[in-house]
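Asks: If you read the protein sequences in the order shown, they are chains X and D.
The numbering used here numbers the first residue of the first sequence as 1 and each following residue consecutively.
The numbering used here numbers the first residue of the second sequence as 352 and each following residue consecutively.
Just so you know, even glycine gets a beta-carbon here, dropped at the ideal spot from N, CA and C.
Every value quoted in this text rests on a predicted model; they were computed, and no experiment measured them.
Number of protein chains: 2
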Amino acid sequence: MADLARELGVSMTTVSRALSDHFSIGPEMKLKVQKLAKKYNYQPNRMASALRKGQSKLLGIIVPYLEGRFFPKVVRGMETAASRAGYNVVICQSNEDLTHERRNIESLLSAQVAGILVSVSRTTDDFRHFEKVRGRGLPLVFFDRMMPGDALNAVVLDDREGGYLATRHLLAQGGRRVAHFGGLQQLTIYRNRYQGYRDALAEAGLPVEEELTYFGDNTEEAGAEAMRRWLALPNPPDAVFAAGDYAALGAMQEAERQGLVVPTDMAVGGFSNETFTPIAKPSITTVDQRCDEMGQAAVRLLLELIDAQAQGLDFASRQLVLRPELIIRESSQRLGRLSPTPEPLADAAVQ
Amino acid sequence: MADLARELGVSMTTVSRALSDHFSIGPEMKLKVQKLAKKYNYQPNRMASALRKGQSKLLGIIVPYLEGRFFPKVVRGMETAASRAGYNVVICQSNEDLTHERRNIESLLSAQVAGILVSVSRTTDDFRHFEKVRGRGLPLVFFDRMMPGDALNAVVLDDREGGYLATRHLLAQGGRRVAHFGGLQQLTIYRNRYQGYRDALAEAGLPVEEELTYFGDNTEEAGAEAMRRWLALPNPPDAVFAAGDYAALGAMQEAERQGLVVPTDMAVGGFSNETFTPIAKPSITTVDQRCDEMGQAAVRLLLELIDAQAQGLDFASRQLVLRPELIIRESSQRLGRLSPTPEPLADAAVQ
DNA sequence: GTTGTTTTCACAAACGATTGTGTAAAGCGC
DNA sequence: GCGCTTTACACAATCGTTTGTGAAAACAAC
């Protein structure tokens, strides 16, 4: 920067202000400076800038894990939106573990990130580390999995709607007794998918039968175990909506092992649109989570928070709810081909 | 820091040196300082430190994409190893695009990272942006996909060995005419897998027949297309080694569509151990790439480079080669169960 | 010509850590 | 107790930007 200032015969102040479009610099001076900066390919030192301004061009991201389809896609959306705004993202994985999550927060704080995007770990039942972030005045946006409370910013999927759509579809395909494999109920997302299931049953005038619900980890083994229990019942189900694709796969395979035909004897629906769901045989009906949109929306929200804060405005906290998309495949289709999406999709912002 | 210094009645110099274990500070003073720092939960400002030292605690990572199984796993390994050493990782995706890759490099340079880990994009045929990094004296480690040349640091898989193991296995299972679906040959990894295929054929005294090789993108469609061509031959193959799992899946499904039975009529082997390979029916034999090890090894190598450079030593460039693991599943097993790994695995460092 | 207003820019002090140099104090042998 | 080395610490400059303040120049109004 000093070189630029010398060459132009002005002070570093002027150069700095010209580059950041400060009002006190004349338009033709701005042009001269910017031209020369381009010529020398001058890149301001972000460390110095961050030190002085107390804020870096980094966004922190905490995800439970990076395997599977969901989080990589979300992260990709985030990276896209962030780099468009001149930010970089630093990624931490909590491994679904509270201790890791706390360490990640510390790590991001000490990396002086400008804001944090977090999807809460499954085992987290203590949220003081998040309060600490907000205490420091650092913008915080939850995505997909949020902490309880409503004075917070988040971008989530309408999981209830997803559960509702999937269950309604199974009923429409002739399901008389629809079972539900639910995820661990301490996570809001799984509670909401369960709620959607119940809403669809209620709408059809059916009761929620406890023996037709099973809660466990979203794994093939757990899904198979659930199916074994159901098939041992005197009056077993003829369809199952699983809150996760792995469980759906496990349940489906177990049903086939026991001689049932999917979808004729047992219709199956999952959740997440994992990579393997179109590949499995039969291909698995599932709910898509709009990953890319979620990532981009979360970053946009965070950047708005950062801006608002820089200008000293205060910002009403906001939750953005994305509508999921039901993807109908072979594992649930008993009644010939249907149009894949019965309703037009639109994002809804609530609050 | 000033608070600590005041409370202890010493200078900031002493506090700083005590915390960084400088020799000129007495042991009991070090202890006092460290205890107080812990008590106040003091976190040094990384921006200030980075500015002064000209080096941050950030490692840059460039991957072509984050979908699939491979890169997320590698990144996880990197994140683990980095955070153990007090570093954070910032991730960029090149989307297999040279322009993106260049921009990513710029972005990481301006983020003042301490070093860069990169897996080269498929379309990259110009490597000056990497030279620029080395020109700035910034440590650079390639993983999985490297640029040509040998005066560089890299951690790669022994792809030739993987191709060799898979092909030899298909031959051992009674394959008489083994076809090969190869990836785009401008990527070293795909050239090497092809070489392994040829080596195994040569060892068995078989010729490489041009009509039995097909090169294309690693997608289901391309795999299916290759299989269609092969099955139209007067003398079609009875086994296929694909350099990617998606192509293997597509080829397998196409063979089944045409009435063949896998593995009896057509044995199939893939590469990458994607998530769907154990789930597919039949489950797909494939080659595992030791993702986690690769990530950790790459970070370790990079940290060594950074250390060496900080001490002004020069560091002979080094390539680390990891041995892949053949995972035998249903799609290739004609001769009953075999032990899954015929040989003990050991990592080999060459050069 | 004087005063007032606006525009344009320079000075210098931050931001928070690191580090070369200088200098007391302590330890030792004689 | 002297000179010597070693140990333990403080001073102050430095990294490259940003920004509050103030001052010079340009311009308009009277």
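Quick check on GLU625 of chain D: does DSSP put it in helix, strand or coil?
Replies: Position 274 of the second sequence holds residue 625 of chain D. For GLU625 of chain D, the three-state secondary structure derived from DSSP is coil.
Asks: What residue range does the alpha helix (DSSP H) around HIS169 of chain X cover?
Replies: Taking the first residue of the first sequence as 1, we reach residue 169 of chain X at position 169. 159-172 is the extent of the alpha helix (DSSP H) around HIS169 of chain X.
Asks: Using a Cβ-Cβ distance cut-off of 8 Å, determine whether THR692 of chain D contacts chain X.
Replies: As a first step, residue 692 of chain D is located in the second sequence; it is residue number 341 there, counting from the start. For THR692 of chain D, the predicted structure reports a pLDDT of 42, less than 50, and the residue's modelled location is therefore unreliable. A value from the coordinates is still provided. Not an interface residue.
Asks: Would you kindly work out how many angstroms separate the C-alpha atoms of GLY216 of chain X and ARG403 of chain D, rounded to a whole number?
Replies: Position 216 of the first sequence holds residue 216 of chain X. Position 52 of the second sequence holds residue 403 of chain D. Each residue's Cα considered, the two are about 51 Å apart.
Asks: Using DSSP's beta-bridge definition, name the partner residues of HIS180 of chain X.
Replies: Your numbering for residue 180 of chain X matches position 180 in the first sequence. According to DSSP, which records beta bridges pairwise, HIS180 of chain X is partnered with X:THR213, X:PHE241.
Asks: Note the first and the last residue of the continuous alpha helix (DSSP H) segment covering ASP307 of chain X.
Replies: Taking the first residue of the first sequence as 1, we reach residue 307 of chain X at position 307. 291-310 is the span of the alpha helix (DSSP H), which, as asked, contains ASP307 of chain X.
Asks: Could you please tell me which residues of the region 380-410 of chain D, in chain order, have their CB closer than 8 Å to any CB of chain X?
Replies: GLN394, PRO395, ASN396, ARG397, MET398, ALA399, ALA401, LEU402, SER407, LYS408, LEU409
Asks: Residues of chain X with CB under 7 Å from PHE627 of chain D, in chain order?
Replies: Numbered from its first residue, the second sequence carries residue 627 of chain D at position 276. Here the neighbours are THR275, PHE276, ILE279.
Asks: What does THR439 of chain D reach in chain X if we use C-beta pairs closer than 7 Å?
Replies: Residue numbering aside, residue 439 of chain D sits at position 88 when the second sequence is read from its first letter. Before going on, a small fix: residue 439 of chain D reads as Asn here, not Thr. Under the 7 Å cutoff, chain X gives VAL90, SER107, ALA111.
Asks: Looking at the secondary structure, which residues open and close the alpha helix (DSSP H) in which GLU221 of chain X lies?
Replies: Here the question's residue 221 of chain X lines up with position 221 in the first sequence. First-last of the alpha helix (DSSP H) with GLU221 of chain X: 220-231.
Asks: In terms of alpha-carbon separation, which member of X:PRO237, X:SER121, X:VAL261, X:PRO278 lies closest to TYR246 of chain X?
Replies: Looking up residue 246 of chain X in the first sequence gives position 246. Ranking X:PRO237, X:SER121, X:VAL261, X:PRO278 by Cα distance to TYR246 of chain X puts X:PRO278 first.
Asks: Please list the residues of the region 423-437 of chain D that have a C-beta atom closer than 9 Å to any C-beta atom in chain X, keeping them in chain order.
Replies: PRO423, LYS424, VAL426, ARG427, GLU430, THR431, SER434, GLY437
Asks: If you draw a straight line from the C-alpha of THR188 of chain X to the C-alpha of ARG160 of chain X, how long is it?
Replies: Taking the first sequence and counting its residues from 1, one reaches residue 188 of chain X at position 188. Taking the first sequence and counting its residues from 1, one reaches residue 160 of chain X at position 160. Approximately 10 Å, taken between the alpha carbons.
Asks: Thinking C-beta only, is THR570 of chain D closer than 8 Å to PHE276 of chain X?
Replies: Position 276 of the first sequence holds residue 276 of chain X. Position 219 of the second sequence holds residue 570 of chain D. No, these two residues do not count as a Cβ contact at 8 Å.
Asks: How big is the Cα-Cα spacing for LEU696 of chain D and GLU676 of chain D?
Replies: Position 345 of the second sequence holds residue 696 of chain D. Position 325 of the second sequence holds residue 676 of chain D. The pLDDT assigned to LEU696 of chain D is 38, lower than 50, so where the model puts this residue is not dependable, and the model offers no usable value.
Asks: Output yes if chain X places a C-beta closer than 8 Å to the C-beta of LEU600 of chain D; else output no.
Replies: Residue numbering aside, residue 600 of chain D sits at position 249 when the second sequence is read from its first letter. Output row for LEU600 of chain D: interface = yes.
Asks: State buried or exposed for SER445 of chain D, treating a residue as buried only when at least 16 other CB atoms are found within 10 Å of its CB.
Replies: Residue numbering aside, residue 445 of chain D sits at position 94 when the second sequence is read from its first letter. Its Cβ being crowded by 16 or more others within 10 Å, SER445 of chain D is buried.
Asks: Quick one: list the residues of chain D neighbouring GLN93 of chain X, beta-carbon separation under 7 Å, in chain order.
Replies: Walking along the first sequence from the start, residue 93 of chain X turns up at place 93. For GLN93 of chain X, the chain D residues whose Cβ falls inside 7 Å of its Cβ are ARG427, GLU430, in order along the chain.
Asks: Report the three-state DSSP secondary structure of ALA505 of chain D (helix, strand or coil).
Replies: In the second sequence, residue 505 of chain D corresponds to position 154, counting from 1. DSSP places ALA505 of chain D within a strand segment (E or B) once states are collapsed to three.
Asks: Which residues does DSSP pair with LEU677 of chain D in a beta bridge?
Replies: The sequence position of residue 677 of chain D within the second sequence is 326, counting from 1. In the DSSP output, where bridge partners are listed per residue, LEU677 of chain D has D:VAL638.
Asks: Give a yes or no on whether 8 Å exceeds the smallest Cβ distance from GLU67 of chain X to chain D.
Replies: If you number the first sequence from 1, residue 67 of chain X lands on position 67. At least one chain D Cβ lies under 8 Å of GLU67 of chain X.
Asks: Rounded to whole angstroms, what's the CA-CA distance from PRO237 of chain X to THR475 of chain D? Just pull it up for me.
Replies: Your numbering for residue 237 of chain X matches position 237 in the first sequence. Your numbering for residue 475 of chain D matches position 124 in the second sequence. When rounded, the distance between both Cα atoms is 54 Å.
Asks: Under a three-way DSSP split, which group does ILE413 of chain D fall into?
Replies: Position 62 of the second sequence, counting from 1, holds the residue named residue 413 of chain D. Looking at ILE413 of chain D - three-state DSSP - the assignment turns out to be strand.
Asks: Quick one: is LEU335 of chain X buried, meaning 16 or more other Cβ sit within 10 Å of its Cβ, or exposed?
Replies: As a first step, residue 335 of chain X is located in the first sequence; it is residue number 335 there, counting from the start. By the 10 Å Cβ count, LEU335 of chain X comes out exposed.
Asks: Could you say which of X:GLY175, X:LEU108, X:PHE143 lies nearest to VAL155 of chain X if we only look at CA atoms?
Replies: Here residue 155 of chain X refers to the residue found at position 155 of the first sequence. Closest by alpha carbon: X:PHE143.
Asks: Could you name the residues that DSSP lists as bridge partners for ALA267 of chain X?
Replies: As a first step, residue 267 of chain X must be located in the first sequence, where it is residue number 267. Beta bridge pairing from DSSP links ALA267 of chain X with X:ALA239.
Asks: So PHE181 of chain X packs on GLY223 of chain X, CB below 8 Å; how close in whole Å?
Replies: Reading the first sequence from its first residue, position 181 is the one you call residue 181 of chain X. Reading the first sequence from its first residue, position 223 is the one you call residue 223 of chain X. Yes, PHE181 of chain X and GLY223 of chain X are in contact; Cβ-Cβ is about 6 Å, under 8 Å.
Asks: Can you list, in chain order, the residues of its chain whose CB lies under 8 Å from that of ARG17 of chain X, leaving out five sequence neighbours each side?
Replies: Working through the first sequence from its first residue, we reach residue 17 of chain X at position 17. Hits under 8 Å: SER24, ILE25.
Asks: Would you mind stating whether GLN406 of chain D and ALA462 of chain D have Cβ atoms separated by less than 8 Å?
Replies: Stepping through the second sequence from its first residue, residue 406 of chain D is reached at position 55. Stepping through the second sequence from its first residue, residue 462 of chain D is reached at position 111. Against a cut-off of 8 Å, the Cβ pair of ALA462 of chain D and GLN406 of chain D comes out as no contact.
Asks: What residues in its chain sit with their C-beta under 6 Å from that of LEU305 of chain X, if we drop five residues either side in the sequence?
Replies: By 1-based counting over the first sequence, the position of residue 305 of chain X is 305. Once the five neighbours on either side are set aside, the close Cβ partners of LEU305 of chain X are PRO139, PHE315.
Asks: Using a Cβ-Cβ cut-off of 6 Å (strictly less than) and excluding sequence neighbours within five positions of LEU582 of chain D, which residues of its own chain qualify?
Replies: Numbered from 1 along the second sequence, position 231 holds the residue referred to as residue 582 of chain D. Excluding sequence neighbours, LEU582 of chain D sits near GLN609.
Asks: Comparing C-alpha positions only, which one of X:GLU67, X:ASP21, X:PHE71, X:SER49 sits nearest to GLN289 of chain X?
Replies: The residue given as residue 289 of chain X occupies position 289 in the first sequence. Among X:GLU67, X:ASP21, X:PHE71, X:SER49, the Cα nearest to that of GLN289 of chain X is on X:PHE71.
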